[in-house]
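Protein sequence lines, in the order shown, are assigned to chains A and B. When you number the first sequence by the working numbering, it's gap-free, plus one each residue, and the end is 373. When you number the second sequence by the working numbering, it's gap-free, plus one each residue, and the end is 462. A virtual CB, placed ideally from N, CA and C, is assigned to each residue, including glycine. In what follows, a single structure is set out as structure tokens and then discussed.
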Amino acid sequence: GENVEQHPSTLSVQEGDSAVIKCTYSDSASNYFPWYKQELGKRPQLIIDIRSNVGEKKDQRIAVTLNKTAKHFSLHITETQPEDSAVYFCAASLGGYQKVTFGTGTKLQVIP
Amino acid sequence: DAMVIQNPRYQVTQFGKPVTLSCSQTLNHNVMYWYQQKSSQAPKLLFHYYDKDFNNEADTPDNFQSRRPNTSFCFLDIRSPGLGDAAMYLCATSNTGNEQFFGPGTRLTVL
């Protein structure tokens with residue numbers, strides 16, 4: 262089955278700096294890659310996703326890049342703010358009704 | 352507002368006493384998922400339904416069962432909860448190939 266590795270497990274940045282979280286996946290057939298943000302005690306919420314026919318996607322301060330050949334994808338957050346502090350999960354899926362496999366999570370702390 | 356609803360939000364049960372968690376959705380999504388999430392860990396998929404087709408994860412204990420009587424509702428039954436089953440249980444829904452929408456979760460405590 263699919264295996265998703267995520268690094269780093271914790272990340273501290275100064276407010277205004279950029280943060281990068283990296284993930285690798287094992288199944289070359291995976292074609293849907295969502296990123297979820299989970300604040301303490303709350304549900305995971307989708308912040309951005311990318312499909313395998315696209316190499317990069319951006320939404321304001323958040324961007325995701327995908328390298329299908331290397332089977333890795335990354336989340337980039339620019340101009341970080343304290344409210345960006347949360348746990349971020351990457352995930353990979355074969356699409357359709359197939360399950361989503363989550364990475365192990367990255368705890369991001371933005372220091373004011 | 353269309354949403355995913357979970358009841359109860361907090362459930363306390365005794366060791367070995369059966370418990371049922373419920374999930375309902377107004378999104379009319381065809382896929383529903385049950386996840387177990389322990390502190391500082393990723394959500395772990397227990398099972399999912401594509402319409403009425405049930406898909407069990409290989410490592411989901413037999414102690415966990417699920418029912419989906421109709422499109423809107425899905426239940427998680429824990430037949431004999433152990434201390435290790437204390438966790439947040441998250442329900443999620445999606446349309447085929449699209450974003451998963453998570454409910455607020457049920458926090459289960461086992462005494």
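- Under the DSSP assignment, His399/B falls in the beta strand (DSSP E) whose first and last residues are 395 to 401.
- The residue among Gly433/B, Ala437/B, Asp428/B, Ser423/B with its C-alpha nearest the C-alpha of Val370/B is Asp428/B.
- For His268/A, the beta-bridge partners assigned by DSSP are Lys283/A.
- Following the DSSP letters along the chain, one finds Val382/B inside the beta strand (DSSP E) bounded by residues 382 to 388.
- In this chain, the beta strand (DSSP E) harbouring Tyr297/A covers 293 to 299.
- With a threshold of 8 Å between beta carbons, Tyr358/A makes contact with chain B.
- Restricting attention to beta strand (DSSP E) runs no shorter than 3 residues, the region 425 to 452 of chain B encloses them at 438 to 445, ordered along the chain.
- The beta carbon of Gln451/B sits closer than 8 Å to some beta carbon of chain A.
- Fully contained in the region 294 to 342 of chain A are the following beta strand (DSSP E) runs of length 3 or more, in chain order: 306 to 312, 317 to 320, 323 to 328, 333 to 338.
- Remark: C-beta atoms of Thr457/B and Leu372/B approach each other more closely than 8 Å.
- Contacts with chain B (Cβ-Cβ distance below 7 Å) from the region 336 to 370 of chain A involve Phe350, Gly356, Gly357, Tyr358, Lys360, Val361, Phe363, Gly364, Thr365, Gly366, listed in chain order.
- Three or more Cβ pairs closer than 8 Å define a contact, and the region 338 to 354 of chain A meets that threshold against the region 282 to 291 of chain A.
- Its chain contains Thr371, Ser373, Arg418 as the residues whose beta carbon lies nearer than 6 Å to that of Phe426/B, once the 5 sequence neighbours on both sides are disregarded; these appear in chain order.
- Using a Cβ-Cβ distance cut-off of 8 Å, the region 441 to 455 of chain B and the region 296 to 309 of chain A are in contact, since at least three pairs of beta carbons, one from each stretch, lie closer than that value.
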